[in-house]
Amino acid sequence: MMHRRTLIGAAALLATTCLPVVAMADYPERDIRVVVPWGAGGGTDGIVRKITSIAEQEFDGASMYVENVEGGVSATGVGQVMSAKPDGYTLGALTYDSIVTVPWQNMLPSYKLEKLKLIARITSEPDALIVDADSDYQSLADIVEAAKADPGQVRIAVQNLGGRIHLTLLQLQSLTDTEFKIVSYPGGAAPQKEAILSDEVDIALTSLGDFANLLEDGTVRGVVEFASTRNPTYDVPTSVEEGYELENGSFIVFAAPADTPDDVVATIEAAYKAAYDSDEFQSWVAGVGVTPDWLGSDEVTGWADDTAQGLFSEMDALVETGILSK
Numbered sequence: 004m005m006h007r008r009t010l011i012g013a014a015a016l017l018a019t020t021c022l023p024v025v026a027m028a029d030y031p032e033r034d035i036r037v038v039v040p041w042g043a044g045g046g047t048d049g050i051v052r053k054i055t056s057i058a059e060q061e062f063d064g065a066s067m068y069v070e071n072v073e074g075g076v077s078a079t080g081v082g083q084v085m086s087a088k089p090d091g092y093t094l095g096a097l098t099y100d101s102i103v104t105v106p107w108q109n110m111l112p113s114y115k116l117e118k119l120k121l122i123a124r125i126t127s128e129p130d131a132l133i134v135d136a137d138s139d140y141q142s143l144a145d146i147v148e149a150a151k152a153d154p155g156q157v158r159i160a161v162q163n164l165g166g167r168i169h170l171t172l173l174q175l176q177s178l179t180d181t182e183f184k185i186v187s188y189p190g191g192a193a194p195q196k197e198a199i200l201s202d203e204v205d206i207a208l209t210s211l212g213d214f215a216n217l218l219e220d221g222t223v224r225g226v227v228e229f230a231s232t233r234n235p236t237y238d239v240p241t242s243v244e245e246g247y248e249l250e251n252g253s254f255i256v257f258a259a260p261a262d263t264p265d266d267v268v269a270t271i272e273a274a275y276k277a278a279y280d281s282d283e284f285q286s287w288v289a290g291v292g293v294t295p296d297w298l299g300s301d302e303v304t305g306w307a308d309d310t311a312q313g314l315f316s317e318m319d320a321l322v323e324t325g326i327l328s329k
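Quick note on numbering: the numbering used here labels position 289 of the sequence shown as 292, and the sequence is numbered without any gaps.
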């Protein structure tokens, strides 16, 4: 029997169309700050640092540096990008929670997506269930069976309550009529790794890419990925193969303050596109189990608008059914 519930693992932000304040033909003339709104050591941090280190090679004499500014389910770091001078010297790496969870929950009155301009999307990352290599859980069916036998006792590590990963777990519980013990580790995947390694939890729910190093050395293994097609790097079954059309995940989107001049945005986009297309990045990202998925500035805004509206509608429906609180 196929259980059907699709939670769109993508979302977006709307960009306003603004005339450039000034032409900046000599851009960049100094170092460029790239804000990652999550802690150091997680999957987003690693990917952004890698592609940015390659992108800066496109600039003559200017460096790009990554700064981790965590807090507020990513709102703290993204808020700094929103309020930065729109001159191309402050960029942000946004994820699902940055452009879905925070605005949908209206967590901060000053947090307005219209204050940002999309540059490009570089990855898509389905969520997955990950266990210690010695775990008895070999399949999603094993996990569901254990949860049914002992409700509220199978411990699953998520990140922020109310965020994307938490929603995926709520959907799984609804589909399988189960109840897990949900343990929240705000701040990204790094504390989830520690929780698995210290046996604080039985399962971690995040992307395979977030656990790439532990998957590579055999410390942990993936049980299921919430997608319709298999990950090209890891031999992990999909949720659809397991009989559940539950698909959800994150992505990385670069953005700048909304009034950043168009010629500057084009320069930044070109640098990241060159880095994205490079053999160095493509071979590296394949090794960490993340799907490279480019959308440039012309396309990503339309994608963002369409997917955001669909996702917000579905989340509102979850509130109406009592699965989710807003």
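Glycine included, every Cβ here is placed at the ideal spot set by N, Cα and C.
- Secondary-structure assignment with DSSP links N71 through a beta bridge to V39.
- R124 has V256, L298 as its beta-bridge partners, per DSSP.
- The three-state reading of DSSP puts R33 in coil, since its state is none of H, G, I, E or B.
- Note: A160 is bridge-paired with V186, A207 in the DSSP secondary-structure output.
- One Cα belongs to D280, the other to G325, and the distance between them is close to 44 Å.
- The Cβ atoms of A274 and E61 lie closer than 8 Å to each other.
- When DSSP reads this structure, T93 sits in a beta bridge with R36.
- A distance below 6 Å between beta-carbons, with the five flanking residues on each side excluded, links V186 to the following residues of its chain, in chain order: R158, A160, V204.
- Comparing alpha carbon positions, the residue from D265, P106, D266, G292 closest to L217 is G292.
- Between A58 and G299 a beta carbon distance of about 14 Å is seen, past the 8 Å cut, so the two are scored as non-contacting.
- Rounded to whole angstroms, A193 and T310 show a C-alpha spacing of 28 Å.
- DSSP, reduced to helix, strand and coil, places T263 outside both helices and strands of the structure shown, so it counts as coil.
- By the criterion of a C-beta distance shorter than 7 Å, A43 is surrounded in its chain by N71, once the five residues flanking it on both sides are discounted.
- Collapsing the DSSP output to three states places G225 in a strand.
- In the DSSP assignment, T179 is bridged to no other residue.
- Annotation for P194: the continuous alpha helix (DSSP H) segment containing it runs 193 to 200.
- In the displayed model, V134 falls within a strand according to three-state DSSP.
- For the options Y68, V105, D48, A131, the alpha carbon positioned closest to that of D238 is the one of A131.
- As computed with DSSP, T241 is found in a beta bridge with E228.
- Looking at G290, V226, D90, the one whose alpha-carbon comes closest to that of E219 is G290.
- C-alpha of K120 to C-alpha of T263: approximately 8 Å in a straight line.
- Excluding five sequence positions before and after G191, the CB atoms of its chain that fall closer than 6 Å to its own CB belong to W41, G42, G45, given in chain order.
- If you compare the alpha carbons of A96, G166, A144, D63 with that of M110, the shortest gap goes to G166.
- When DSSP states are grouped into helix, strand and coil, P129 belongs to the strand group.
- Of the residues assessed, T232 falls on the exposed side of the cut-off, its CB having fewer than 16 other CB atoms within 10 angstroms.
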